[in-house]
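J.: First, the structure itself, so that you have it in front of you.
Protein chains in written order, with my numbering: chain A, 629 to 1247; chain B, 5 to 96.
Next comes the structure, spelled out in structure tokens:
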């Protein structure tokens, strides 16, 4: 079956749903097959559309910014990792390319409703939510949802619609208050980073409820079914029958601590030595059970956590994964795991990015220690390291933008610029995005990938660097030219810039084809993904084509950032991240210091074909 | 001499966590990774039966340094060394 000859699209609904909240209009647009063939979907289609439609220099919180919810061809098809959705926008936190992904059924449901992409434009006069039920699309009044938590909003909408089966993306009070790192929640999972929730809040949009019943057409049904089965088997063989269950990524804490991979005390160190005891508490007292985000997932990274009783009593909820827990423990020297679980629960309910929240609180505590923020300026709070009560209180203040929460809610970069007094050196961020819970002093490829990730210091794309160096994961790329990680010392610096290029081009592919990234970490290699996409779409997509698309999309995102003002100087890491840790096991391991970041950067520029002086892609 | 050996992730189930091993002076890693000092089930997970080499999926650090970039199985051990053993880790 040749989809090009017949113009029949397989693997796609074939439509963009465009909603203009200023005019109150809804339009259904057919997508040109050649555009989908070039960009496939996800952030690939996202960069194409937003580059074309967003004015240069647009204010991210103005009606002129746009919010694009995107799926990929594999989303919702039962392929490994197909519980996926992406959102693309200009970020209010960084002022550049913003994207965030979220696991679960929402993306697949949008496709089954008949839309591969949902584009939100303009700004409603009053608070609204969007209802999508196959061909029925309505902009509904949402006044009574104002100020409610994300779980309350979800419940109220389902009650109003008298239908529990809707999948609903909501913002919390952080998004309503335009906190720069507000997120969008779907159940207990998040489109976490870059302030997607603030963009949604700036449009007076509180939720998007989706239900869908249509089928996604498949070009070669028997072959695709075989590909799905074989690929899931391969993933299970690599990950084991339990996958990542029940502890999910939280279970990685002891290993990552031992590897020197967890930023500690606002990045003053990369290892605390408390990973085992902290995880032991979580496993025995807080972990309830595994909770896969979509039906059929064999990896099952999600989990339900709780605090049964005591000061930090917290009901059962999806949350407390690796990043969030590290942000509220290691970043802040907080040994109270119950408080950390409670803080991540509050971030869910208020719709706040846990990573940026932990990062900005770490910044505040560091400033406090150095006398750059006084107790009076902190509304009487004691910002001593590890103060659990203060941590929880700051999450509330930031989400509600009160007191010191106002300045902290702008993010560490803006907060440090306002506070001044040398606090800029304590703001651990790249391009305005706070660093996540992986430390490049455990493996140097991560350093370059942090510097060059297009949304800032994020872990979604750079984490392949950490896995390459420390976990010796080649992602199936050695046959395609990647240096075998078994031959590479994690502390070496030469060659890492070159390796980063291939890891970047491959690492972006799951976000383009519409699947969860954990699968490429666990046996789903380039050949497998090409097989799945080809048999689904009917197009000839081989590994070379996939890597070319990845390279192209990565470079286009870079071009977007260049036009929004990014320079080579924005690719640098904060000094502190390069230096030998101040304390901990790795303080005496000289090799872990990053000595020639400039050399690694140059190597990656050359590999990517970017101008050495400006960092601009040459083609 | 005493060497501390720790296993991580699902290797803990086989290994039992952290143990202190009393080795002869001059011992090397190959001596440590044997049923003399470690549970046989653990050795089976770590060492390939046929080649006698450490399985490529197993990561071993001696004092935070990957032993593959020291002297592999011939790496000398000293009093107070910490040996961390990691199974294949997925990451994420």
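Idealized CB from N, CA, C, for every residue including glycine.
Fair warning: this is a prediction, and the values are worked out from it, not measured in the lab.
Alpha carbon to alpha carbon, what distance is there between residue 67 of chain B and residue 28 of chain B?
T.: 19 angstroms
J.: If the cut is a Cβ gap below 9 angstroms, which residues of chain B does residue 1217 of chain A touch?
T.: 67, 68 and 69
J.: Please decide whether residue 78 of chain B counts as near chain A, where near means a Cβ-Cβ distance under 9 angstroms.
T.: Not an interface residue.
J.: By the DSSP assignment, the beta strand (DSSP E) with residue 917 of chain A in it spans what residues?
T.: Unbroken beta strand (DSSP E) run through residue 917 of chain A: 915-918.
J.: DSSP state of residue 659 of chain A, grouped into three classes?
T.: Three-state DSSP puts residue 659 of chain A in coil, outside helix and strand.
J.: Where in the stretch 969-1050 of chain A do unbroken runs of the alpha helix (DSSP H), each at least 4 residues long, occur, reported from the N-terminal end onward?
T.: 982-997, 1016-1028, 1033-1036 and 1040-1047
J.: Cβ atoms of residue 1194 of chain A and residue 724 of chain A: under 9 angstroms apart, would you say?
T.: The answer is yes: Cβ separation under 9 angstroms.
J.: Name the DSSP beta bridge partners of residue 1089 of chain A, please?
T.: Beta-bridge pairing links residue 1089 of chain A to no other residue.
J.: Could you tell me whether any Cβ in chain B is nearer than 9 angstroms to the Cβ of residue 1162 of chain A?
T.: no
J.: Thinking residue 18 of chain B and residue 45 of chain B are a contact (beta carbons under 8 angstroms), I'd like their distance in whole angstroms, please.
T.: 5 angstroms
J.: Using a Cβ-Cβ cutoff of less than 6 angstroms, which residues in the same chain neighbour residue 1067 of chain A once the five nearest sequence positions on both sides are dropped?
T.: 889, 891 and 898
J.: Which one of A:821, A:1055 and A:1113 has the shortest CA to CA distance from residue 1073 of chain A?
T.: A:1113
J.: Could you have a look at residue 1181 of chain A and say whether DSSP puts it in helix, strand or coil?
T.: helix
J.: Pick out the complete alpha helix (DSSP H) segments inside the stretch 1146-1211 of chain A, 4 residues or longer, and give them in chain order.
T.: 1146-1149, 1154-1165, 1171-1191 and 1203-1206
J.: Would the beta-carbon of residue 1093 of chain A fall within 9 angstroms of that of residue 1077 of chain A?
T.: yes
J.: According to DSSP, what are the bridge partners of residue 897 of chain A?
T.: A:892
J.: Between the Cα of residue 16 of chain B and the Cα atoms of A:1030, A:653, A:771 and A:882, which residue gives the shortest distance?
T.: When each option's Cα is compared against that of residue 16 of chain B, the closest is A:882.
J.: I want to verify the contact list: residues of chain A whose CB lies under 7 angstroms from the CB of residue 90 of chain B, in sequence order.
T.: 883
J.: Are the stretch 860-879 of chain A and the stretch 791-798 of chain A in contact at 8 angstroms, needing three or more beta carbon pairs?
T.: No contact exists between the stretch 860-879 of chain A and the stretch 791-798 of chain A.
J.: Indicate the three-state DSSP secondary structure (helix, strand or coil) for residue 761 of chain A in the structure shown.
T.: Residue state, collapsed to three classes: strand.
J.: Got a sec? Which residues, its chain only, sit under 7 angstroms from residue 26 of chain B by beta carbon, not counting five neighbours each side?
T.: 6
J.: Helix or strand or just coil, what does DSSP make of residue 813 of chain A?
T.: Of the three classes helix, strand and coil, the one that applies to residue 813 of chain A here is strand, per DSSP.
J.: Grouping DSSP H, G and I as helix and E and B as strand, with all else coil, what is residue 707 of chain A?
T.: Residue 707 of chain A carries a coil assignment under DSSP once its states are collapsed to helix, strand and coil.
J.: Given a limit of 7 angstroms on CB to CB distance, which residues of the stretch 1094-1125 of chain A reach chain B?
T.: 1094, 1095, 1099, 1100, 1101, 1114, 1117 and 1118
J.: Indicate, with yes or no, if the ligand ZN has a heavy atom lying under 8 angstroms from the CB of residue 1117 of chain A.
T.: What this structure holds is no ligand at all, so the ligand ZN is not there to describe.
J.: Assuming contact is defined by CB atoms lying nearer than 9 angstroms, are residue 969 of chain A and residue 946 of chain A in contact in what I supplied?
T.: no
J.: Per DSSP, which one or two residues make a beta bridge with residue 726 of chain A?
T.: Per DSSP, A:717.
J.: Hey, out of A:961, A:1140, A:1097 and A:1155, whose CA is closest to residue 1107 of chain A's CA?
T.: With respect to the C-alpha of residue 1107 of chain A, the residue from A:961, A:1140, A:1097 and A:1155 having the closest C-alpha is A:1155.
J.: In three-state DSSP terms, what is residue 945 of chain A?
T.: strand
J.: Report the residue from A:719, A:1247 and A:936 whose alpha carbon sits nearest the alpha carbon of residue 912 of chain A.
T.: A:936
J.: Return yes when the Cβ of residue 696 of chain A is within less than 9 angstroms of the Cβ of residue 678 of chain A, no when it is not.
T.: yes
J.: Taking buried to mean at least 16 other C-beta atoms within 10 Å of its own C-beta, is residue 1179 of chain A buried or exposed?
T.: buried
J.: How would you list, in chain order, the residues of chain A whose beta-carbon sits under 8 angstroms from the beta-carbon of residue 63 of chain B?
T.: 1098, 1099 and 1100
J.: Are the stretch 1194-1204 of chain A and the stretch 1042-1059 of chain A touching, with three or more C-beta to C-beta distances below 8 angstroms?
T.: With the cut-off at 8 angstroms, the stretch 1194-1204 of chain A and the stretch 1042-1059 of chain A touch.
J.: How close, in whole Å, do the beta carbons of residue 819 of chain A and residue 728 of chain A come, if the pair is a contact with beta carbons under 8 angstroms?
T.: Sure, about 4 angstroms apart at Cβ, within 8 angstroms.
J.: Can you check whether the C-beta of residue 629 of chain A is within less than 9 angstroms of a C-beta belonging to chain B?
T.: Since pLDDT at residue 629 of chain A reaches only 41, below the 50 mark, its modelled position is unreliable, and no value is offered.
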